[in-house]
Each structure stands twice: as C-alpha cells, then as structure tokens.
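Student:
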Amino acid sequence: MLTKKAKYGLKAMVYLAGIEPGQTALVADIASENQIPKKFLDAILSELRNAGFVHSKKGKGGGYMLARLPAEISVGNLVRALDGPLAPIHCASRRLYRRCDDCVDETHCAVRLVMLEARDAIARVLDNTSLEQMRALGAAGLELVEGKTRKKASRAAMDMA
Numbered sequence: 789m790l791t792k793k794a795k796y797g798l799k800a801m802v803y804l805a806g807i808e809p810g811q812t813a814l815v816a817d818i819a820s821e822n823q824i825p826k827k828f829l830d831a832i833l834s835e836l837r838n839a840g841f842v843h844s845k846k847g848k849g850g851g852y853m854l855a856r857l858p859a860e861i862s863v864g865n866l867v868r869a870l871d872g873p874l875a876p877i878h879c880a881s882r883r884l885y886r887r888c889d890d891c892v893d894e895t896h897c898a899v900r901l902v903m904l905e906a907r908d909a910i911a912r913v914l915d916n917t918s919l920e921q922m923r924a925l926g927a928a929g930l931e932l933v934e935g936k937t938r939k940k941a942s943r944a945a946m947d948m949a
C-alpha cells in the first residue's frame, strides 16, 4: 500500500510539473494547495532533492523546482525513492530481495509467486507512467478514465495537455 509520504510526494511532484520550467514554488503554497502538512512536506521534498528529482533554491525567489522534465520522471522511481521497493514482500523484490525465514521451498511458494505477479503488474503501470502523463490524467479527470481503457485515457489526456 502506498504510504502517505509517497502519496504527498506524488501530489507535490504533480504540482511542480504544472509550473513553468525554471520557476520555483514555495513549500507553503504546495502544502496549502494539496492539503499536506508543511513540516511533513519539507521532509518529503528534502528526500526528493537528495534523490535528484527536485532542486531547491534559497532566498528571494527561492523554493522548489523539478530537476528534470516531467516526461523524464517515472512514477515508479518516485514511489521507490519515497517508499522503497514496490514488492509487497521481500522475497518478491527485484532490488532488495531477501528470502523469507519461514520458507521451505520458494520456487513452489504460492504466496511468493502471486506477490511476484502483483509486483510486476504494479511496476508495469508505475514504470511506464511519467510524471507528465500523471499530471495530464489528473487534468483530464475521472470521467475520461472511466470511459476508456487506461492506455487510451493516458493518450487522450496527453493530447489535451
């Protein structure tokens, strides 16, 4: 399950994707617009800065801005930076694999095999969705997504952006 930290981080990144390139946004504005506690958002943006997704600028005209174009940032990488692996259990993780202590035969473990499929499905969606596409989907709204397949909705939303 997505933590509040990752959810708030994604909301903040969508907000930053909507400002003009080279411009900055104040933490207070991002927090207010997205109903995120400012102190928590400060910590989240600091993590995203350390991971190379945003730049910060101090002083007059300061704030946060994206470090790369929104089309170059995958939602999957943002979630991993804030929440860690996408896998629901350690033995299904591609990057931080760890065998379960209670597992007798992981090649036949039904739980692990289903969690591998779940991890792959989540990664397929998140890794193939850019921050730009996510922002466009949000701008298009739920009606568009409910009326079409996700792929078609994504393309249609991009056409609208």
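Residue numbering for the sequence shown follows my numbering, beginning at 789 and increasing consecutively. Virtual Cβ for every residue (Gly too), placed ideally from N, Cα, C.
(1) Going straight from the alpha carbon of A816 to that of G851, what length do you get?
(2) Spell out the partners DSSP gives G851 in its beta bridges.
(3) Spatial neighbours of R837 within its chain, please: CB distance less than 6 Å, with the 5 preceding and 5 following residues excluded, ordered by chain position.
(4) Looking only at C-alpha atoms, which of S918, D915, K827, H878 sits nearest to V902?
(5) Output the boundary residues of the alpha helix (DSSP H) element that contains R892.
(6) For A839, collect the residues of the same chain with a Cβ closer than 6 Å to its Cβ; drop the 5 residues on either side in sequence, then sort them by chain order.
(7) Write down the C-beta distance between A794 and Y803 rounded to the nearest angstrom, noting that I regard them as a contact closer than 8 Å.
(8) Are the Cβ atoms of A928 and R907 separated by less than 8 Å?
(9) Assess, as a yes-or-no matter, whether the region 886-901 is touched by the region 859-868 under the definition of 3 or more beta carbon pairs within less than 8 Å.
(10) Please go through the same chain and pick out, in chain order, the residues whose beta-carbon is closer than 8 Å to the beta-carbon of G926, but skip the five residues on each side of it.
(11) Determine the extent of the alpha helix (DSSP H) in which G840 is found, giving its start and end residues.
Tutor: Quick answer:
(1) Residue 816 sits at position 28 when you count from the first residue of the sequence shown. Residue 851 sits at position 63 when you count from the first residue of the sequence shown. Near 9 Å, if we compare the C-alpha coordinates of G851 and A816.
(2) Mapped onto the sequence shown, residue 851 falls at position 63. G851 is bridged to K845.
(3) Taking the first residue of the sequence shown as position 1, residue 837 is located at position 49. The answer, listed in chain order, is S844.
(4) Looking up residue 902 in the sequence shown gives position 114. When each option's Cα is compared against that of V902, the closest is H878.
(5) Looking up residue 892 in the sequence shown gives position 104. For the sequence presented, residue 892 should be read as Val rather than Arg. No alpha helix (DSSP H) holds V892; DSSP gives it neither H nor E.
(6) Residue 839 sits at position 51 when you count from the first residue of the sequence shown. Once the five neighbours on either side are set aside, the close Cβ partners of A839 are A869.
(7) Within the sequence shown, numbered from 1, the residue matching residue 794 stands at position 6. Within the sequence shown, numbered from 1, the residue matching residue 803 stands at position 15. In fact, because the Cβ distance is near 15 Å, the residues do not count as touching under 8 Å.
(8) As a first step, residue 928 is located in the sequence shown; it is residue number 140 there, counting from the start. As a first step, residue 907 is located in the sequence shown; it is residue number 119 there, counting from the start. Against a cut-off of 8 Å, the Cβ pair of R907 and A928 comes out as no contact.
(9) no
(10) Within the sequence shown, numbered from 1, the residue matching residue 926 stands at position 138. Here the set comprises V802.
(11) By one-based count along the sequence shown, residue 840 stands at place 52. Run containing G840: none; DSSP gives neither H nor E here.
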